[in-house]
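Chemist: Protein chains in written order, with numbering that gives the first Met the number 0: chain A, 0 to 336; chain B, 0 to 336.
C-beta atoms are modelled at their ideal positions from N, C-alpha and C, and glycine is treated no differently.
Since the model is a prediction, treat every value here as computed from it, not as a measurement.
Protein chains: 2
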Amino acid sequence: MPSIKDVASRAGVSVATVSRALSGKGKVSEASRAKVRRAAEELGYVVSYNASSLASGRSRNVGFVVPTVGRWFFSTVLEGATSALIDAGYDLTLYNTSGQDRHRHSVFSDLLLRKRLDAVITLTLKLRPTELEQLRAVRKPVVAIGGLIPGIDTIRVDDFNIAALAAEHLISLGHRDIAFLGGTEEFEVDFKLGSAREDGYEFAMDQAELPVRREWLITADFTVQGAYQKVRNVLANPRHRPTAFVCASDEMAFGAILAARDLGLSVPGDLSVVGIDGHELGEMFGLTTIDQHAARQGAAAVSKVLAILGEHELEHDPTDGFFPTEFVARSSTAPPA
Amino acid sequence: MPSIKDVASRAGVSVATVSRALSGKGKVSEASRAKVRRAAEELGYVVSYNASSLASGRSRNVGFVVPTVGRWFFSTVLEGATSALIDAGYDLTLYNTSGQDRHRHSVFSDLLLRKRLDAVITLTLKLRPTELEQLRAVRKPVVAIGGLIPGIDTIRVDDFNIAALAAEHLISLGHRDIAFLGGTEEFEVDFKLGSAREDGYEFAMDQAELPVRREWLITADFTVQGAYQKVRNVLANPRHRPTAFVCASDEMAFGAILAARDLGLSVPGDLSVVGIDGHELGEMFGLTTIDQHAARQGAAAVSKVLAILGEHELEHDPTDGFFPTEFVARSSTAPPA
DNA sequence: CTGAAAGCGCTTACAG
DNA sequence: CTGAAAGCGCTTACAG
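#1: Once you ignore the five residues that flank B:Val106 on each side, which residues in its own chain have a CB closer than 7 Å to its CB?
#2: Using the beta-carbon count (16 or more within 10 Å), is B:Ser351 buried or exposed?
#3: Assuming contact is defined by CB atoms lying nearer than 9 Å, are A:Ile170 and A:Trp215 in contact in what I supplied?
#4: Within a Cβ cutoff of 8 Å, which residues of the same chain sit near B:Val233, ignoring the five residues on either side of it in sequence?
#5: Establish whether the CB of B:Arg127 and some CB of chain A are separated by less than 9 Å.
#6: Taking the beta carbon of B:Phe284 as the centre, do at least 16 other beta carbons fall within 10 Å, making it buried, or is it exposed?
#7: Please report the straight-line C-alpha distance between A:Val35 and A:Gly98, rounded to a whole angstrom.
#8: For the stretch 146-198 of chain A, which segments carrying the beta strand (DSSP E) assignment without a break, of at least 3 residues, lie completely within its bounds, in sequence order?
#9: According to DSSP, simplified to helix, strand and coil, what is A:Thr332?
#10: So, with DSSP's three-state summary, where would you put A:Phe48?
#11: Taking just the CA atoms, how far does B:Thr67 sit from A:Gly79?
#12: Would you say A:Leu134 reaches chain B, if we count a Cβ-Cβ gap shorter than 9 Å as a contact?
#13: List the residues of chain A whose Cβ lies closer than 9 Å to the Cβ of B:Gly43, in chain order.
#14: Are the Cβ atoms of A:Pro267 and A:Thr332 separated by less than 9 Å?
#15: With 9 Å as the threshold, decide whether the Cβ of A:Gly309 is near any Cβ in chain B.
#16: Span of the alpha helix (DSSP H) holding B:Val137?
#17: Does chain A have any CB closer than 9 Å to the CB of B:Gln296?
#18: Counting only beta-carbon separations shorter than 9 Å, does B:Ile85 have a partner in chain A?
#19: Evaluate A:Asn49 with the Cβ neighbour count: other Cβ atoms within 10 Å of its Cβ, from every protein chain shown; 16 or more gives buried, anything less gives exposed.
#20: Distance, Cα to Cα, B:Gly181 vs A:Ser194?
#21: Considering just the uninterrupted stretch of the beta strand (DSSP E) at A:Ser271, what are its terminal residues?
#22: Using a Cβ-Cβ cutoff of 8 Å, what residues of the stretch 264-290 of chain B are near chain A? List them in chain order.
#23: DSSP three-state label for A:Val12, please.
#24: Cα-Cα, which of A:Lys26, A:Pro335, A:Thr92 is closest to A:Leu112?
#25: Strictly below 8 Å CB to CB, what residues from chain A border B:Val68?
#26: Just to confirm my understanding: we take B:Gly25, look at its own chain, exclude 5 residues before and 5 after, and list those with CB closer than 8 Å. What are they?
#27: Determine the direct distance from the alpha carbon of B:Leu42 to that of A:Arg115, and round the result to whole angstroms.
#28: Out of B:Arg196, B:Arg175, B:Arg57, B:Val45, which one is the CA nearest neighbour of B:Val211?
#29: Using a Cβ-Cβ cut-off of less than 9 Å, list which residues of the stretch 23-52 of chain B approach chain A; keep chain order.
#30: Are the Cβ atoms of A:Ala39 and A:Val6 separated by less than 9 Å?
#31: Any beta carbon of chain B sitting closer than 9 Å to that of A:Phe63?
#32: Let me know if A:His292 comes out buried or exposed under the rule of 16 or more other beta-carbons within 10 Å of its beta-carbon.
#33: Only counting the same chain, and skipping five residues up and downstream in sequence, which positions put a Cβ closer than 6 Å to that of B:Phe326?
#34: For a test of the three-state rule: what should DSSP assign to A:Asn236, helix, strand or coil?
#35: Using a threshold of 9 Å, state whether the C-beta atoms of A:Leu172 and A:Ile151 are closer than that.
#36: What are the boundary residues of the beta strand (DSSP E) that A:Glu325 is part of?
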């Protein structure tokens, strides 16, 4: 591979001029710039990130930490982030903790700290105090998606209100027997999204003076299969069968719909179902849901990171507005029979 | 952040000794090693990858190029790869072309070449001649998953045989009217997996002297929704309705099952469906399929990369055995009515 | 606008 | 086993 020296000698200028011409920083005459461009082109020269980063302190690389890439929300946010990053000419280094503490530990105590990153984006991870400390020590910007971390920039939706809205929608249709399908503790990853959503559901029920029955507060692992099984158990019980479900994710809502169908119940005839997410399959299932624009959240996190890096200013005010969501009414909800 | 010098002075040794002690390369006395370890620990020292890579030529980082992370196969392979890489102490830099030529171009002509990577893993991408050339120029090992590239290490399953097996399974159950659901040109990404699988299906049909009807060779975009629509069109036609479907992916098989149900057809009573993949949802749908162990393919690609890197030898024989798959018989297939 | 030179933080022959 | 020193390939004041 050719180095900057090769380009310099071929163009008949110094390496300093090559560096300036190619990076666009500093003054360079048009003539020099043209010569350099040509020489670089002919040699197939590409700058070495390692050398460039070492000298400048900038890596053009952001770290992205996820609990898994196997769930819809995570892969969709990731898709949005990679796209935005490529457009900006940045690399994305992926750290997948896979829900394993061993992996998580090496990510935070080692990989993240090796100065190859300009910034870090975390996805639905509640940073522990020591982890926060470690990130602070490297003095890099951190943006969190999917939950609030004090003192850190955050992209998140208003889980409480989203769930309340979902419940209100059912209530306004005339439902009274509304169940809630949330996430089990261990699968709520870190932020207990499920609880925030459960709180919103309960709030709406209270406002409407409807009872919240303990046996209708059920939890699953955020997967289609997990939800299928739990909902099936509830629906198979002929006594106290709910007429509607608020589900904390679209994938769980799909599981609920499939369970109802397998029991011979029609949706929305016998059961109304509303989800939260905006999953592509929602259309096919006719799922009423609240779209949280996951890919856009990924892109928004990237924008925020790039803005901070552009500002050269670490001590800014962390922003924390809610990311906008969208109510999508389809055919899985209707007045009760 | 402390540098190697800080560690050296605190430990009372030279930077060379610190480097050797921490990397484990070269001889270091136990006493020195202990002093260095302690000093590093106390200072919270972590080696700078950029400096280390620049000096040694090794980055402990592999590039992973995917067409998207939104489809099951890709995210599952990625999950397997990240896990294996973290265990080896390597970073994974993700390049997602998102099916956009603009992104693909910047990945291959720029990002991949900046010498921050020790190796590259490509996922279901047929490299164009210029791209192959560019990769060769950086002289890094390349491992391809999901298709054969001449002269490059490959992890792939035997698509032809898998599809033939799927068809033979249906034939042996007594089916004669078997349709095939493959991928549309534009969505076969690069390797025309669909065609290899279609060829296998046709081979099995020929062997059994069963006719392959043109109108039963249908294609979709590898998504549940796409398959749902196409299969629904076929099944809604009361004349010449097939009694079974071979689907080129599990997600498309789910679409086929859902389409059948929505038309009031029972699976497997009125329609048998077999998929290819080993998707987690297969169990819930009772889908008969051929598991291609996607996560293991990701891990296998990593093993291969690490083996090559360990060998310090670029001129080895590219291996190209077929990755093992597994036939999983469930309840979506049965003899025809 | 341009170049010589220091420096980024490591690794690794080389000599001892 | 250990250290002094060169070198990896850039960037960026500094001086002109």
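Modeler: Judging by the given coordinates:
#1: The beta carbon of B:Val106 sits closer than 7 Å to the beta carbons of Val64, Tyr94, Thr96 from its chain, once the five residues preceding and following it are set aside; these are given in chain order.
#2: Residue 351 of chain B is absent from the structure shown; chain B starts at 0 and stops at 336.
#3: no
#4: Ala178, Glu214, Trp215, Ile217, Arg240, Pro241
#5: no
#6: buried
#7: 49 Å
#8: 152-154, 177-182
#9: DSSP places A:Thr332 in coil when its eight states are reduced to three.
#10: Note on identity: in this sequence residue 48 of chain A is Tyr, with Phe being the wrong assignment. Three-state result, A:Tyr48: helix.
#11: 10 Å
#12: Chain B, which has no Cβ nearer than 9 Å to the Cβ of A:Leu134, makes this no.
#13: Leu112, Gln133, Ala136
#14: A contact, by the Cβ cut-off of 9 Å.
#15: no
#16: 128-137
#17: Nearest CB-CB separation between B:Gln296 and chain A: not below the 9 Å threshold.
#18: yes
#19: So A:Asn49 counts as buried.
#20: 42 Å
#21: 271-276
#22: If the cut-off is 8 Å between Cβ atoms, the stretch 264-290 of chain B has Glu279, Leu280, Glu282, Met283 near chain A.
#23: coil
#24: The option with the nearest alpha carbon to A:Leu112 is A:Thr92.
#25: Val68, Ser74, Leu77, Glu78, Thr81
#26: The residues are Arg19.
#27: 19 Å
#28: Among B:Arg196, B:Arg175, B:Arg57, B:Val45, the Cα nearest to that of B:Val211 is on B:Arg175.
#29: Those residues of the stretch 23-52 of chain B that come within reach of chain A (Cβ to Cβ, closer than 9 Å) are Gly43, Val45, Val46, Ser47, Tyr48, Asn49, Ala50, Ser51, Ser52.
#30: yes
#31: yes
#32: buried
#33: Ile289
#34: coil
#35: no
#36: 325-327
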